[in-house]
Amino acid sequence: MNKGFQALALFAMAAAVVVGLTLWRMGLMPGARDDAARVLVPENPWASASAPVEHLEPAILHPLAPTEAHTLGPAEVGRALVNLLGKDAVDTFLRIDEFPRRVVATIDGLGRTHAPHLAWPVEPAPDRFLVDSVDEAPAIAADNGARYTPFVLLAESVNAVRAVDLYVRMYPLLQQAYEDLGFPRSYFNDRLVAVIDLLLETPVVEYPVMLQLTQVKGPIPSLRPWVRYEFADPQLESLASGQKMLLRMGPVNQRRLQARLADLRAELVKRAPRR
Numbered sequence: 026m027n028k029g030f031q032a033l034a035l036f037a038m039a040a041a042v043v044v045g046l047t048l049w050r051m052g053l054m055p056g057a058r059d060d061a062a063r064v065l066v067p068e069n070p071w072a073s074a075s076a077p078v079e080h081l082e083p084a085i086l087h088p089l090a091p092t093e094a095h096t097l098g099p100a101e102v103g104r105a106l107v108n109l110l111g112k113d114a115v116d117t118f119l120r121i122d123e124f125p126r127r128v129v130a131t132i133d134g135l136g137r138t139h140a141p142h143l144a145w146p147v148e149p150a151p152d153r154f155l156v157d158s159v160d161e162a163p164a165i166a167a168d169n170g171a172r173y174t175p176f177v178l179l180a181e182s183v184n185a186v187r188a189v190d191l192y193v194r195m196y197p198l199l200q201q202a203y204e205d206l207g208f209p210r211s212y213f214n215d216r217l218v219a220v221i222d223l224l225l226e227t228p229v230v231e232y233p234v235m236l237q238l239t240q241v242k243g244p245i246p247s248l249r250p251w252v253r254y255e256f257a258d259p260q261l262e263s264l265a266s267g268q269k270m271l272l273r274m275g276p277v278n279q280r281r282l283q284a285r286l287a288d289l290r291a292e293l294v295k296r297a298p299r300r
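Here it is, written out as structure tokens:
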């Protein structure tokens, strides 16, 4: 559970700086099962965004209006992120290499049962997932959420209008990356809005949140047992990976990030072309 997310650095940059920064390395639970609609190649860290064409729906639900602003080329992404977030934040939180591909793979994975951490556009949160004992059973430590405070503060500092401006300028790169990852007839902006909506529906749970260890068979003991925790409540464990990440951040961080996601979603849908 030491893997976790998100920024998406800005909408997909920000919703990627929020969904993505939003879920910033929170301890992924390793026992997740893969969606039937996904084609997994184990050695491929981008695999969560792979799906057969027959499962895709070509209708565009949330179109983006064309922009007169200069669209970004691949070599301009890093500089644009620095302009939005500042060099220190980019150096601390983000993985710039293949950033558009990381964003679309991560956003897609947040809505599924598993989000491969090798594809994330953000660096891991510091330290490891913290666990307490409640009635001799493991539970998320009350102070575990402090690990994510720097990310929450950064997410709250991002200007939603500027973030979505950058997202729109970067959109051709994001759409191409989404098609390259296995969705040739789908519109990435629709997927982003759907994942944000899913994250906004994440229930707020009261602490303590009880855990259990995933059983691992074999003679070799685990040297990192904290990565094998999963929710003891089957209903919580069945949630999408992004929702479980939010729960691990604690109720205060969860509410704050959901508020930012709502702001970003509202700004994003304003960019639809007028009829």
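So for the sequence shown, the working numbering puts the first residue at 26; every next one is plus one.
A virtual CB, placed ideally from N, CA and C, is assigned to each residue, including glycine.
Keep in mind that this is a model prediction, so the values were computed, not measured.
Name the residue from Gln237, Gly267, Gln268, Glu93 whose alpha carbon lies nearest to the alpha carbon of Arg253.
-> Gln237
Is it the case that the Cβ atoms of His95 and Arg187 are separated by a distance below 8 Å?
-> Taking 8 Å as the Cβ cut-off, His95 and Arg187 do not qualify as a contacting pair.
Would you check if there are 3 or more beta carbon pairs closer than 8 Å linking the stretch 176-184 to the stretch 158-165?
-> no
Does the beta-carbon of Ala114 have 16 or more other beta-carbons within 10 angstroms, so that it is buried, or is it exposed?
-> Result: buried.
For chain D, find out if any of its Cβ atoms is closer than 8 Å to the Cβ of Ser182; answer yes or no.
-> In summary, chain D is missing from the structure at hand, where a single protein chain is found.
Bridge partners - Ile165, DSSP secondary structure assignment | Val156
Starting from the Cα of Asp116, find the closest Cα among Leu106, Glu123, Pro125 and give me that residue.
-> Leu106
Contact belief for Leu199 with Val128 at Cβ below 8 Å, rounded distance in angstroms = 6 Å
Where does Tyr212 sit, in a helix, a strand or coil, going by DSSP?
-> DSSP places Tyr212 in coil when its eight states are reduced to three.
For Ser182, I'd like the list of residues in its chain whose CB is within less than 7 Å of its CB, leaving aside the five on either flank, ordered along the chain.
-> none
In chain order, what residues of the same chain lie with their CB nearer than 6 Å to the CB of Phe11, ignoring the 5 residues before and after it?
-> A question about residue 11 goes unanswered here, because the residues of the chain that appear run from 26 up to 300.
What is the rounded straight-line gap between the Cα of Glu292 and the Cα of Leu191?
-> 12 Å
Which term fits Arg290, buried or exposed, when burial requires 16 or more other beta carbons within 10 angstroms of its beta carbon?
-> buried
Delimiting residues of the beta strand (DSSP E) encompassing Glu255 = Note, Glu255: beta strand (DSSP E), 254-256.
Residues bridged to Leu238 [DSSP beta-bridge criterion] | Tyr254
What is the DSSP secondary structure of His80, counted as helix, strand or coil?
-> A caution first: His80 carries a pLDDT of 43, below 50, which makes its placement in the model unreliable, though a value can still be read off. The answer is helix: DSSP assigns His80 an H, G or I state.
Distance between Val159 and Gly136 (C-alpha atoms, nearest Å) | If I take the Cα positions, the gap works out to 30 Å.
Hey, how far is the Cα of Thr92 from the Cα of Ala297?
-> Taking C-alpha positions only, Thr92 is separated from Ala297 by approximately 11 Å.
Same chain, Cβ closer than 7 Å to Pro88, five either side skipped, listed in chain order = Once the five neighbours on either side are set aside, the close Cβ partners of Pro88 are Ala297, Pro298.
With DSSP as the reference, label Leu119 as helix, strand or coil.
-> strand
Per-residue burial, Ile132 [other beta carbons within 10 Å of its own, 16 or more giving buried] | Flag for Ile132 reads buried.
Who are the near neighbours of Leu271 in its chain, counting only those whose CB is closer than 6 Å to its CB and skipping five residues on each side?
-> Thr227, Gln279.
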